[in-house]
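Residue numbers (the working numbering), protein chains in the order written: chain C, 8 to 160; chain U, 8 to 160. Input: a single structure, listed below in structure tokens.
There are 2 protein chains.
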Amino acid sequence: MSPVTLEKVSENNFADFLFLVRKLADYEHLTPPGKAEEERLFRDCVADPPRYEAYIGSVGGKPVGYVTFYFTYSTFLALPTLYLEDIFVLEEFRRSGIGRELFRFCRAEARRRGCGRMDWQVLTWNNPAIRFYEREGGKRLDWYVYRLDRNAF
Amino acid sequence: MSPVTLEKVSENNFADFLFLVRKLADYEHLTPPGKAEEERLFRDCVADPPRYEAYIGSVGGKPVGYVTFYFTYSTFLALPTLYLEDIFVLEEFRRSGIGRELFRFCRAEARRRGCGRMDWQVLTWNNPAIRFYEREGGKRLDWYVYRLDRNAF
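Here you go:
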């Protein structure tokens, strides 16, 4: 396996980040971000404090995957939680340990920043991802996820 | 139903908030916060920016329930999400619309602050809460919730 280099998303590599975000949208058959969404994605990750953080993983100088996360809060522990929002590796670079490097980077950040937990969600039908997370020690919790979309506010 | 008054948690009413947090811990058979957790809960909700926000609902001047929330982020919408962490009403004040007032306050805050979504989780066995959320328009998503605790970092 080639070594993976991680770099925080900033003005310098934002185009690479958008390239990967569009690839994830393709993969999930979702609408890719438009101009307005791209502008907000940029503003919200370079803001102080940022609304989310993003890191690109590269192999041999080529951007091949990324993670995004932010910090939620456990009122039970009275500690922040690192919440992993997206983790994605280009299809042609899978099964080579890049996702594992990205995941373990997040886990190390959770520790470094004094979090009590690291949380995330996985689609119920995504068996390869479920197996990956369980190999990495993730425990499934007995919770249902609920949502109200803006048109229901 | 008596009208519910909502008040943001601050230095002035933090003792009332802790009283309610301890009642929720009793109800869920969880360990109530110790001195260190109480100090962090205070620091983290009055910080700028706060790590979480908390609001107490009172009826006739008596604190009877609370909500806590924070803002996560949808990279798909490029918009913040209001994430409802805790919603709790004292047992003897349930079934009188107080939870509904607290929930609708959060929904209104999500709208007011330009969120694209409001998200939350519910324990899979908590049928009264599930019925409540579905009456309020919440949609269950096909996601599993995963976690790493600090001892697994």
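Where a beta carbon is used, it is the ideal one built from N, C-alpha and C, also for glycine. Fair warning: this is a prediction, and the values are worked out from it, not measured in the lab.
When you compare only the Cα positions, how much space is there between residue i and residue j?
i, j, result
"T88(C)", "P39(C)", "28 Å"
"N133(U)", "A32(U)", "16 Å"
"R47(U)", "F78(C)", "15 Å"
"V74(C)", "F139(C)", "15 Å"
"L37(U)", "T131(U)", "17 Å"
"C52(C)", "A61(C)", "7 Å"
"A159(U)", "I137(C)", "17 Å"
"G104(C)", "R114(U)", "41 Å"
"F112(U)", "D156(C)", "15 Å"
"T12(U)", "R142(U)", "23 Å"
"R147(C)", "P135(C)", "15 Å"
"Y90(U)", "Y59(C)", "14 Å"
"A85(C)", "S17(U)", "16 Å"
"R154(C)", "F76(U)", "14 Å"
"A43(U)", "I63(U)", "22 Å"
"R50(C)", "K15(C)", "14 Å"
"G144(C)", "E116(C)", "16 Å"
"E35(C)", "N19(C)", "27 Å"
"D55(U)", "P56(C)", "10 Å"
"T10(C)", "V66(C)", "One point to set straight first is that residue 10(C) is Pro, not Thr, in the sequence displayed. Those two C-alpha atoms are separated by around 6 Å."
"R101(C)", "Y80(C)", "32 Å"
"V129(C)", "L109(C)", "16 Å"
"V152(U)", "F83(C)", "17 Å"
"E45(C)", "G41(U)", "44 Å"
"R107(U)", "V28(C)", "37 Å"
"D180(C)", "R118(U)", "The question about residue 180(C) has no answer here: the residues shown for chain C are numbered 8 through 160."
"R120(U)", "R120(C)", "27 Å"
"E92(C)", "K30(U)", "32 Å"
Does the beta carbon of residue i sit closer than 7 Å to a beta carbon anywhere in chain C?
i, result
"Y80(U)", "yes"
"K69(U)", "no"
"K146(U)", "yes"
"Y34(U)", "no"
"D149(U)", "yes"
"Y59(U)", "yes"
"L25(U)", "no"
"L97(U)", "no"
"E18(U)", "no"
"D156(U)", "yes"
"D55(U)", "no"
"R47(U)", "yes"
Run through the DSSP bridge pairs and tell me what residue i is partnered with.
i, result
"L86(C)", "S81(C)"
"S103(C)", "Looking at the DSSP assignment, S103(C) forms no beta bridge with any residue, so it has no partner."
"Y140(U)", "BP columns for Y140(U) are empty, so no partner."
"Y62(U)", "K15(U), V74(U)"
"Y151(U)", "V129(C)"
"L109(U)", "For L109(U), which the question treats as bridged, DSSP gives no partner whatsoever."
"D93(U)", "T75(U)"
"K146(U)", "R154(C)"
"R124(C)", "T88(C), D156(U)"
"K69(U)", "V66(U)"
When the cut-off is 7 Å and only beta carbons count, does residue i lie next to chain U?
i, result
"A159(C)", "yes"
"K15(C)", "no"
"Y77(C)", "yes"
"Y140(C)", "yes"
"V152(C)", "yes"
"A85(C)", "yes"
Practice item. For the segment 99-132 of chain C, enumerate the residues whose C-beta is nearer than 8 Å to any C-beta of chain U, in chain order. Key: Of all residues in the segment 99-132 of chain C, R114, A115, A117, R118, C122, G123, R124, M125, D126, W127, Q128, V129, L130, T131, W132 have a Cβ within less than 8 Å of some Cβ in chain U.
Are the segment 11-30 of chain U and the segment 66-76 of chain U touching by the rule of at least three beta carbon pairs closer than 8 Å? With the cut-off at 8 Å, the segment 11-30 of chain U and the segment 66-76 of chain U touch.
Item checked: Cβ contact (3+ pairs, closer than 8 Å) linking the segment 94-102 of chain C and the segment 119-133 of chain U -> Flag = no, the segment 94-102 of chain C and the segment 119-133 of chain U do not touch.
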